[in-house]
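Below is one structure; the comments refer to it alone.
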Amino acid sequence: MRIIVDAFGGDNAPVDIIKGSADAIKEFGVDITLTGDEATIKKVCEEQKIDA
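Letter by letter, the sequence shown follows residues 35 to 86 of this note's numbering.
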């Protein structure tokens, strides 16, 4: 199943949204696509040490 997530659509976005999405991928094996500013998403992933 593929889930599309707006990385900038919530409180504490995009950090908490990206971290939560990474956790869901690890725990449930789902396929998540993040939408929003790609450069910012990549920067947050690097800062949080999330393998994008």
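Glycine included, C-beta positions come from ideal geometry on N, C-alpha and C.
On a predicted model such as this, the values are computed, not experimentally measured, just so you know.
request  = Excluding the 5 residues preceding and the 5 following Ile38 in the sequence, name in chain order all residues of the same chain whose CB lies nearer than 7 Å to its CB.
outcome  = Thr67 and Thr69
inquiry  = Per DSSP, what are the beta-bridge partners of Val39 in this structure?
reply    = Leu68
key: Through-space distance from Met35 to Gly44, alpha-carbon basis   = 22 Å
key: Contact under 8 Å by Cβ, Ala17 with Ala47   = In the structure displayed, the chain extends from 35 to 86; residue 17 sits before or after that span and is not available.
inquiry  = What residue range does the alpha helix (DSSP H) around Ala58 cover?
reply    = Val49 to Phe62
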